[in-house]
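*Asks:* Count along the sequence shown from 1, then add 17; that gives the number in this note's numbering.
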Amino acid sequence: MTAVAVVLASSGCDFLIGRSQAREIAEINVSSPELHAGEPLPREYSCKGAQGSPPLRWSSQPLPDAKSIAIVVDSLSPSESAVQWVLYNIPATTTELGPNAAANPLPEGASQAKVTSGKAGYQPPCVEKASYRFSVYSLNRKVEVQEGAPLSEVLRKIADQTIARGRLTVVNIQ
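#1: Might you give, ordered along the chain, the residues of its own chain that have their beta carbon closer than 7 Å to the beta carbon of THR112, omitting 5 neighbours on each side?
#2: When DSSP builds the beta bridges, which residues end up paired with PRO108?
#3: Between which residues of its own chain and GLY183 is the CB-CB distance below 8 Å, once the five residues before and five after are set aside?
#4: Could you tell me how far apart the beta carbons of ALA137 and ILE107 are, in whole angstroms, since I believe they sit closer than 8 Å?
#5: Relative to the C-alpha of LEU156, which residue among PRO116, ALA83, SER169 is closest?
#6: Alpha carbons only, please: which of SER169, SER70, GLY66 is nearest the one belonging to TYR139?
#7: Going by DSSP in three states, ARG173 sits in which element: helix, strand or coil?
#8: Please report the residue range of the beta strand (DSSP E) in which ALA181 lies.
#9: If TYR149 and PRO141 are in contact, beta carbons under 8 Å, what's the gap, nearest whole angstrom?
#10: Starting from VAL47, trace the beta strand (DSSP E) in both directions and tell me its first and last residue.
#11: Here's a check: name, in chain order, each residue in its chain whose Cβ is nearer than 8 Å to the Cβ of LYS161, leaving out the five neighbours to either side.
#12: Which value, in whole angstroms, describes the spacing of the CA atoms of ILE86 and LYS159?
#13: For LEU168, which of helix, strand or coil comes out of DSSP?
#14: When burial is assigned at 16 or more other CB atoms within 10 Å of the CB, is VAL188 buried or exposed?
#15: Going by DSSP in three states, GLU41 sits in which element: helix, strand or coil?
#16: What is the rounded straight-line gap between the Cα of GLY135 and the Cα of GLU51?
#17: Comparing alpha-carbon positions, which option in THR133, ILE190, GLN129 lies nearest GLU164?
#18: To the nearest angstrom, how far is it from the Cα of SER98 to the Cα of GLU125?
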């Protein structure tokens, strides 16, 4: 799967990767006490720092069909695109993650996918001039994949099961 297809899949654009389903997608508001839309990613959450994943908060209207939450962090620069973190099967009642949530213990029942680097967990961004998207997805069921499933399979399942989504985008590294 090309890097562009990975980014599109992680954005929930399943119609671009072979499936077309006309359905209403609710909006999720994504925020962080450490990240601000359109501003630089604080250095401590990059490969130059030691904080791990930044804290995230999200909210939306109550979704009775929501069974789980997924978070996908991806990056896009003129030279490359990558997926930095995929955390899925977060309980649907969860509305925030603290700093360094990628470290154990994860939220109960949650799993992390192998990302572009081939490792599971939060891979701190290193490209200084890039857009970093922190996307939150509300899903109509849990993501069921084998342990160590390919990133493309996990992203496809997230895209297929999305009933609400939201994003916080930061640019460059401080």
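Where is the CB? At the ideal position from N, CA and C, for every residue including glycine.
*Replies:* Taking the coordinates as given:
#1: As a working note, residue 112 is residue 95 in the sequence shown. Once the five neighbours on either side are set aside, the close Cβ partners of THR112 are ARG74, TRP75, SER76.
#2: Stepping through the sequence shown from its first residue, residue 108 is reached at position 91. In the DSSP output, where bridge partners are listed per residue, PRO108 has SER85.
#3: Position 166 of the sequence shown, counting from 1, holds the residue named residue 183. Within the same chain, GLY183 has close Cβ partners GLU44, ILE45, ASN46, VAL47, TRP75, SER77, SER152, VAL153.
#4: For the purposes of this step, residue 137 is taken as residue 120 along the sequence shown, with counting starting at 1. For the purposes of this step, residue 107 is taken as residue 90 along the sequence shown, with counting starting at 1. Their Cβ separation, rounded to whole angstroms, is 15 Å, which puts ALA137 and ILE107 out of contact at 8 Å.
#5: In the sequence shown, residue 156 corresponds to position 139, counting from 1. Comparing Cα-Cα distances from LEU156 to each of PRO116, ALA83, SER169, the minimum goes to ALA83.
#6: Within the sequence shown, the letter at position 122 stands for residue 139. The shortest Cα separation from TYR139 among SER169, SER70, GLY66 belongs to SER70.
#7: Your numbering for residue 173 matches position 156 in the sequence shown. ARG173 falls in the helix class under three-state DSSP.
#8: Here the question's residue 181 lines up with position 164 in the sequence shown. Element bounds for ALA181: 179-188.
#9: Along the sequence shown, read from residue 1 onward, the residue named residue 149 stands at position 132. Along the sequence shown, read from residue 1 onward, the residue named residue 141 stands at position 124. Not really, about 10 Å apart at Cβ, beyond 8 Å.
#10: Counting from one through the sequence shown, the residue named residue 47 turns up at place 30. VAL47 -> beta strand (DSSP E) spans 46-48.
#11: Counted from its first residue, the sequence shown places residue 161 at position 144. The sequence as given places Glu at residue 161; Lys does not occur at that position. Correct list, in chain order: LYS174.
#12: Here residue 86 refers to the residue found at position 69 of the sequence shown. Here residue 159 refers to the residue found at position 142 of the sequence shown. Cα-Cα distance, rounded: 8 Å.
#13: In the sequence shown, the residue the question calls residue 168 occupies position 151. In the structure shown, LEU168 sits in a helix (DSSP, three-state: H, G or I).
#14: Position 171 of the sequence shown, counted from the start, is the residue given in the question as residue 188. Exposed: under 16 other Cβ atoms inside 10 Å.
#15: Taking the first residue of the sequence shown as 1, we reach residue 41 at position 24. Three-state DSSP puts GLU41 in coil, outside helix and strand.
#16: The sequence position of residue 135 within the sequence shown is 118, counting from 1. The sequence position of residue 51 within the sequence shown is 34, counting from 1. Answer to the nearest angstrom: the Cα atoms are 27 Å apart.
#17: Here residue 164 corresponds to residue number 147 of the sequence shown, with the count starting at 1. Closest option to GLU164, Cα to Cα, is GLN129.
#18: One-based indexing of the sequence shown puts residue 98 at position 81. One-based indexing of the sequence shown puts residue 125 at position 108. One C-alpha to the other measures close to 30 Å.
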